[in-house]
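Heads up: the sequence shown begins at 21 in my numbering, then just goes up one per residue.
Built from N, CA and C at the ideal position, the CB exists for glycine as well.
Every value quoted in this text rests on a predicted model; they were computed, and no experiment measured them.
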Amino acid sequence: MHDHLSNAKRTKNDEYYTRRSDVDAELTHYTSSFEGKVVYCNCDDEGSAFMGYFVDNFHALGLQGLFCSGIAGGLFEYDGDKATVSKIDGDFRSSDSTAIMQQSNIVVTNPPYSLFRPFFTQLLENEKDFLILGNKNAVSCQVVFPAIKDGVVRLGYTAPDYFQTPSGTLANLTGLSRWFTTLPTPGKTYPTFTATISDGRDYQQFDLYPALNTDRTSEIPCDYDGLLGVPISALDKLDLGKFELVDLIARYAVIDHSYDTPCHQLTEINGKPRYSRMIIRKLNPQKWKEAAYRVKTIESQKSIETREF
Ligand SMILES: C[S@@+](CC[C@H](N)C(=O)[O-])C[C@H]1O[C@@H](n2cnc3c(N)ncnc32)[C@H](O)[C@@H]1O
Numbered sequence: 021m022h023d024h025l026s027n028a029k030r031t032k033n034d035e036y037y038t039r040r041s042d043v044d045a046e047l048t049h050y051t052s053s054f055e056g057k058v059v060y061c062n063c064d065d066e067g068s069a070f071m072g073y074f075v076d077n078f079h080a081l082g083l084q085g086l087f088c089s090g091i092a093g094g095l096f097e098y099d100g101d102k103a104t105v106s107k108i109d110g111d112f113r114s115s116d117s118t119a120i121m122q123q124s125n126i127v128v129t130n131p132p133y134s135l136f137r138p139f140f141t142q143l144l145e146n147e148k149d150f151l152i153l154g155n156k157n158a159v160s161c162q163v164v165f166p167a168i169k170d171g172v173v174r175l176g177y178t179a180p181d182y183f184q185t186p187s188g189t190l191a192n193l194t195g196l197s198r199w200f201t202t203l204p205t206p207g208k209t210y211p212t213f214t215a216t217i218s219d220g221r222d223y224q225q226f227d228l229y230p231a232l233n234t235d236r237t238s239e240i241p242c243d244y245d246g247l248l249g250v251p252i253s254a255l256d257k258l259d260l261g262k263f264e265l266v267d268l269i270a271r272y273a274v275i276d277h278s279y280d281t282p283c284h285q286l287t288e289i290n291g292k293p294r295y296s297r298m299i300i301r302k303l304n305p306q307k308w309k310e311a312a313y314r315v316k317t318i319e320s321q322k323s324i325e326t327r328e329f
């Protein structure tokens with residue numbers, strides 16, 4: 021029963037449709053990425069805002085081809101002149117849909133929230149370029165964070181707040197959604213951090229991880245070269261040309277497991293865990309080597325040695 025209910029809730033959360041104004045607002049930043057490309061919107065039944073955008077802008081973008089298919093099984097193909105509609109297995113994991121994805125250059129869609137992880141994995145495994153909407157918390161998932169850390173995937177420019185529901189009403193999901201893309205995001209601007217380590221705030225170190233905690237993005241100190249633990253939401257505001265993503269910690273670390281400690285969370289400070297923290301460091305190779313980290317131990321824990329990273 022419980023499974024049935026949570027399944028129903030999950031699939032209900034999949035039925036949030038993207039508004040055309042939100043597609044336009046994000047896609048306008050990537051016009052140079054689509055020249056000569058074949059686009060596949062693989063979670064898009066007829067009438068989706070993505071399909072509308074690419075049909076309307078096919079020639080302006082210089083597209084070579086467009087495929088759209090959705091779970092209902094309709095496959096829409098457009099070459100800028102003729103449109104055809106046929107039937108396929110519209111599950112993005114099906115062999116029909118996978119074959120079209122493999123022939124296409126860029127996948128653009130808002131996939132079902134409940135299947136974001138396999139959707140993202142499939143695109144990475146096929147080394148496909150993409151621009152997709154997802155829940156911002158997906159940043160912390162095992163497949164997504166390493167791709168962002170390695171610079172393969174980045175967040176887009178905008179964050180849609182409202183989605184259309186099947187009943188025609190608008191759902192307010194303010195703050196939840198982000199665009200994830202492999203496409204370049206030139207001209208994206210970032211705030212400058214002005215807080216300093218010496219201005220009186222108490223930057224505490226995690227008990228088991230050699231980084232200082234910041235609870236708010238605005239508190240990221242501009243004068244600290246060591247490791248910092250910052251909220252996941254800081255990713256929107258971090259210029260990854262200036263900061264390195266080192267790891268993501270919660271119960272365990274996503275990348276470097278040498279700090280993982282059974283029965284404790286790596287975000288604990290005086291025994292109290294914080295939410296997940298991204299571990300970042302100012303990108304300044306000279307200073308990395310000079311950075312020394314305070315070391316804490318707690319009873320029955322392995323001691324953490326000061327390390328050079
Ligand atoms: C978040 S909605 C977005 C729909 C559309 N892309 C848009 O942006 O308006 C995700 C859609 O994917 C559909 N879906 C669910 N499972 C799917 C699957 N395995 N393959 C393809 N589409 C799926 C859902 O029914 C839902 O309509």
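Query, Result
"CB contact flag (tyrosine 182, lysine 257, <8 Å)", "no"
"Burial state of serine 124 (16 or more Cβ within 10 Å)", "buried"
"Three-state secondary structure assigned by DSSP to asparagine 192", "strand"
"Burial state of threonine 31 (16 or more Cβ within 10 Å)", "exposed"
"Alpha-carbon to alpha-carbon, alanine 215 and tyrosine 60", "44 Å"
"Spatial distance of cysteine 283 from leucine 228 (CA atoms)", "12 Å"
"Serine 14 versus phenylalanine 140 - alpha carbon distance", "An answer regarding residue 14 cannot be provided, because it is not within the stretch 21 to 329 covered by the chain."
"CB-CB length for aspartate 65 against glycine 100, believed under 8 Å", "That pair is no contact at about 21 Å."
"DSSP beta-bridge partners of phenylalanine 200", "Ile152 and Leu175"
"Segment limits, beta strand (DSSP E) that includes threonine 129", "126-129"
"Close Cβ partners of isoleucine 152 (< 8 Å) along its chain, the five nearest in sequence each way excluded", "Val127, Val128, Thr129, Asn130, Pro131, Phe139, Phe140, Leu143, Trp199, Phe200 and Thr201"
"Segment contact, 8 Å Cβ cut-off, at least three pairs: the segment 233-240 with the segment 185-194", "no"
"Per-residue burial, valine 159 [other beta carbons within 10 Å of its own, 16 or more giving buried]", "buried"
"Unbroken alpha helix (DSSP H) run spanning tyrosine 73, endpoints", "69-76"
"Proximal residues to phenylalanine 165 (C-beta, below 7 Å), its chain only, five neighbours per side dropped", "Val159, Leu268 and Val274"
"Residue nearest to glutamate 35 in terms of C-alpha spacing, selected from Asp259, Asp149 and Gly154", "Gly154"
"Rounded separation between tyrosine 295 and phenylalanine 150 - CA only", "29 Å"
"Lysine 302 versus threonine 212 - alpha carbon distance", "13 Å"
"8 Å contact criterion, which glycine 249 and isoleucine 299 should meet: CB distance rounded", "6 Å"
"Check: phenylalanine 70 C-beta below 7 Å from any heavy atom of ligand 1", "yes"
"CB contact check: threonine 48 to chain C, cutoff 8 Å", "The structure shown contains no chain C; it holds only a single protein chain."
"Beta-bridge partners of tyrosine 37, as assigned by DSSP", "Gln184"
"Within 8 Å, strictly: CB atoms of phenylalanine 112 and cysteine 63", "yes"
"Cβ-Cβ distance between proline 251 and arginine 221 below 8 Å", "no"
"Distance between tyrosine 50 and asparagine 304 (C-alpha atoms, nearest Å)", "30 Å"
"6 Å Cβ shell around threonine 205 - same chain, five flanking residues per side excluded", "Arg174"
"Closest Cα partner of arginine 271 within the set Thr281, Glu264, Phe263 and Lys262", "Thr281"
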